[in-house]
Structure formats: C-alpha cells, structure tokens
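Colleague: Protein sequence lines, in the order shown, are assigned to chains A and B. The numbers in this note's numbering rise by one with no breaks, and the one at position 65 of the first sequence is 229. The numbers in this note's numbering rise by one with no breaks, and the one at position 146 of the second sequence is 1503. Don't be surprised by glycine CBs; every beta carbon is placed ideally from N, CA and C. The structure that follows is given in the form of structure tokens.
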Amino acid sequence: MTDKHEAQHEPLSYRFLALVWAGLMALTALTLGAAKVDLGFLNVVAALGIASAKASLVIFFFMHLKYENRLIKGMVLTAFVILAIAIALTFVDVGYRY
Amino acid sequence: MAEHGATAAHPKDYHAAKMGMWLFLFTEILLFGGLFLLYASYRHRFPEAFHAGGQTLDVFLGALNTIVLITSSLTVAMSITALRRGELTRCLWLLGFTIACAGGFMVNKTIEWSAKFHHGLIPGSEHMLGLPQGQSVFYGLYYAMTGLHGVHVVIGATVLAWVMLLIRQGKVTAQDYVVLENAGLYWHIVDLVWIYLFPLFYLIS
C-alpha cells in the first residue's frame, strides 16, 4: 500500500496559491467587463463560462482535487454529472412546455 | 483499509475522512443546485422581471464580496500549507484573516439587505407579495439563495474558529491536519456557490 505517501503530497507553495488567486481575480474582472457589453444571449453563456472556469480553479487547486486519488476524482465527477443531467432534463421540460 | 490507512503518521484514516467530507459537500452542491434550477426555470418564465430585478442590485457590493470571498479562499488554502510546514503562528493569522473576511462579507450583506428592506422589500411583507408575480419571485429567490449562502458563511467561519482552537490546543498538527483540510473544503464550497450566485443575480441583466 502506498497510502501514506499518496496522502502526503507536498503542500502547495504560497507562490502557486497566490497565482491561482491572481487567476481568479483576473476572471472576476473579465466577467465584470463582459457584463457591460450587450451580447444578448451570449452574455449568459459568457457569465456561466467564466464562472465555471473560476470554479475549476477553486476545485482543482484550492480544494486539491488535482492531487487526490482516482476514487475521489471519480466521485466528484459523478456528482457534477448528476447535477448536469438534472439541469439538462429540467431545461428540456421548461423549454418546451411554455 | 483501516490497518493500512491509519498509520502512525495518520492516526485517523486520512482518505476516509476526506471522502466523508466530499460526500457531505455533494449534498451541499445538490442543495444549491436545486435552487439554481428553480432560478433558471423562473428566469425563463419571467425574463423581463428578472432583468429589471437584477438591475436594482448593487454590482459594486456584489463585486466587493466576490473579492473578499476569493481572497479568504486563498488564505484558507495558505493556512494548510503553513500548518504542514509547522508555521503555526502564520497558520493562525491566516485563519484569523479568513474569519475577518467572513465578517466583512456579512457586513456588506447586511448593508445590501438593509437598503432593500428600506425600499419595502421585506420577505413575506404585503408590499413584496403585492408586486407583479415575476418580481416577487425574483426577490424571493434573491433572499432565499443569498440568505442560505449567508448562513453557510457564518457556519464556515464558526468551523474555522473551532479549528483554530484545536490547533492552539495541539489537537490539529503538522502531521494530523485533515480537520483543517476538511474545514477548508467547506469554506471553498461557500466561495464556489458565490462564484455562481454573483453573475446570475448581479450581472446578467
């Protein structure tokens, strides 16, 4: 069993974490800028796309998911796939009913 | 698993502890996910009211709170590095700063909600229920979702304060740090929810 070593990946450096933070701040500025331009429906796509990019940074680096074992990665993926299915099915229903 | 997982370096089963926390976080994701679904459906039903409603929210305060939460996420992540390197004082300062950010977030939220209350937008009030249906739904969702999120901010800050105490008592250490990691995961989920709440309520209008 390599458990002991797997669990103890090196702590992330302050410098690296600060870079992730800078990325998150840049994306926040980008989403504020994008909201000022009228792109119609694309505004929604841009806002959610940028939010998802920020979410990925938080999940993979701040939450260490990138350094977790396959089991936890698979579990997180499953949870988000289930959420995506729920969203997709609801949209199909709402979109065609009214 | 137990005899392998719980070694001298990790008296608790490190993997099981983390997995348990993630499982709990999935329930949180689905809890807010359900509310986001409700938001999306009603937005589809009342596009004009949601557009008008979004424009009455304070983008500056929303953006400020976004910066506060992102920064607090950074300091929690840094506190784990500090603890594992044995830099206890730095770790406690970083956690203290995170809790201060949580306080700042709630102060901004209070200012924001007070301004809305001032305009008669009080949940359950005659005025709010008397609004056109779409607007009443928009503000209802606004209060429900930012309110539930605010409760999570307060819980997260309380948990972090408790972990600070455990660190001071030497119960959470450079070798046994999974409690801090799990508290950090919870705090990051609070940030994650706000990352979606902010553009959906304040920006798309």
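Quick one, are the C-beta atoms of LEU1445 of chain B and ILE1524 of chain B less than 8 Å apart?
Modeller: For LEU1445 of chain B and ILE1524 of chain B, yes; Cβs fall inside 8 Å.
Colleague: Going along the chain, which residues of its own chain have a beta-carbon closer than 6 Å to the beta-carbon of LYS1466 of chain B, five neighbours each way excluded?
Modeller: Hits under 6 Å: GLY1507.
Colleague: Is ALA219 of chain A close to chain B? Criterion is C-beta to C-beta, closer than 8 Å.
Modeller: For ALA219 of chain A, the answer is yes, since a Cβ of chain B falls inside 8 Å of its Cβ.
Colleague: Just checking my contact of ILE1427 of chain B with MET189 of chain A at CB under 8 Å: how many whole Å lie between their CB atoms?
Modeller: Indeed they touch by this definition, with Cβ atoms about 7 Å apart.
Colleague: Going along the chain, which residues of its own chain have a beta-carbon closer than 6 Å to the beta-carbon of VAL184 of chain A, five neighbours each way excluded?
Modeller: Counting only Cβ-Cβ distances below 6 Å, and skipping sequence neighbours, we find LEU221, PHE225.
Colleague: Do LEU1440 of chain B and LEU1517 of chain B count as a contact pair if the criterion is CB distance below 8 Å?
Modeller: No, the pair does not count as a contact, with Cβ atoms beyond the cut-off.
Colleague: Rounding to the nearest angstrom, what Cα-Cα distance links HIS1372 of chain B and ILE1437 of chain B in this structure?
Modeller: Answer to the nearest angstrom: the Cα atoms are 17 Å apart.
Colleague: Is ASN233 of chain A helix, strand or coil when you go by DSSP?
Modeller: Three-state DSSP puts ASN233 of chain A in coil, outside helix and strand.
Colleague: What is the C-beta distance between VAL1433 of chain B and GLY1504 of chain B, in whole angstroms, given that I count them as a contact (C-beta under 8 Å)?
Modeller: Not confirmed; about 23 Å, so no contact.
Colleague: Counting only Cβ pairs nearer than 7 Å, list the residues of chain B close to PHE226 of chain A.
Modeller: Here the neighbours are SER1430, ALA1434, HIS1545.
Colleague: Would you tell me roughly how many angstroms separate the C-alpha atoms of ILE1561 of chain B and ASN1422 of chain B, rounded to the nearest one?
Modeller: Distance between the alpha carbons of ILE1561 of chain B and ASN1422 of chain B is about 17 Å.
Colleague: Between VAL1416 of chain B and MET1463 of chain B, is the Cβ-Cβ spacing less than 8 Å?
Modeller: It is not a contact, given that the beta carbons lie outside the stated cut-off.
Colleague: Kindly say whether PRO1556 of chain B, judged by its beta-carbon, lies nearer than 8 Å to any beta-carbon of chain A.
Modeller: Yes - at least one Cβ of chain A is within 8 Å of the one on PRO1556 of chain B.
Colleague: At which residues does the alpha helix (DSSP H) containing TYR1500 of chain B begin and terminate?
Modeller: Taken as a continuous stretch (DSSP letters only), the alpha helix (DSSP H) holding TYR1500 of chain B covers 1490-1525.
Colleague: So that I know if they touch, is there some Cβ in chain A lying closer than 8 Å to that of TYR1396 of chain B?
Modeller: For TYR1396 of chain B, the answer is no, since every Cβ of chain A falls outside 8 Å of its Cβ.
Colleague: Is the beta carbon of HIS1545 of chain B within less than 7 Å of some heavy atom of the ligand SAM?
Modeller: The ligand content of the structure shown is nil, which means the ligand SAM is not present either.
Colleague: Should ILE214 of chain A and THR195 of chain A be called a contact, given that it needs their Cβ atoms to be closer than 8 Å?
Modeller: Cβ distance < 8 Å, so ILE214 of chain A and THR195 of chain A count as in contact.
Colleague: List, in chain order, every chain A residue whose beta-carbon is nearer than 8 Å to that of LYS1375 of chain B.
Modeller: Here the neighbours are GLU232, ILE236.
Colleague: Give me the Cα-Cα distance between SER1398 of chain B and VAL258 of chain A, rounded to the nearest whole angstrom.
Modeller: Answer to the nearest angstrom: the Cα atoms are 6 Å apart.
Colleague: When DSSP labels each residue in this structure, what does VAL208 of chain A get in the three-state scheme?
Modeller: Three-state result, VAL208 of chain A: helix.
Colleague: Between GLY1390 of chain B and chain A, is there a C-beta pair that is closer than 8 Å?
Modeller: GLY1390 of chain B counts as touching chain A.
Colleague: In this structure, how does DSSP classify ARG1442 of chain B when only helix, strand and coil are distinguished?
Modeller: Here ARG1442 of chain B sits in coil by DSSP.
Colleague: Just to confirm my understanding: we take TRP1544 of chain B, look at its own chain, exclude 5 residues before and 5 after, and list those with CB closer than 6 Å. What are they?
Modeller: These residues qualify, in order along the chain: VAL1433, GLY1513.
Colleague: Could you give the distance in angstroms between the alpha-carbon of PHE1474 of chain B and the alpha-carbon of LEU1554 of chain B?
Modeller: Looking at the two C-alpha atoms, the distance is approximately 20 Å.
Colleague: Spell out whether any CB of chain A is found under 8 Å from the CB atom of LEU1387 of chain B.
Modeller: At least one chain A Cβ lies under 8 Å of LEU1387 of chain B.
Colleague: So, helix, strand or coil for GLN1412 of chain B, using DSSP?
Modeller: In the structure shown, GLN1412 of chain B sits in a helix (DSSP, three-state: H, G or I).
Colleague: Between which two residues does the alpha helix (DSSP H) holding MET1328 of chain B run?
Modeller: Because chain B here runs from 1358 to 1562, residue 1328 of chain B falls outside it and cannot be looked at.
Colleague: Return the chain-ordered list of same chain residues with a C-beta closer than 7 Å to the C-beta of MET1435 of chain B, the five sequence neighbours on each side being excluded.
Modeller: LEU1451.
Colleague: Strictly under 8 Å for the Cβ-Cβ distance: is ALA215 of chain A near chain B by that measure?
Modeller: Yes, its Cβ sits closer than 8 Å to a Cβ of chain B.
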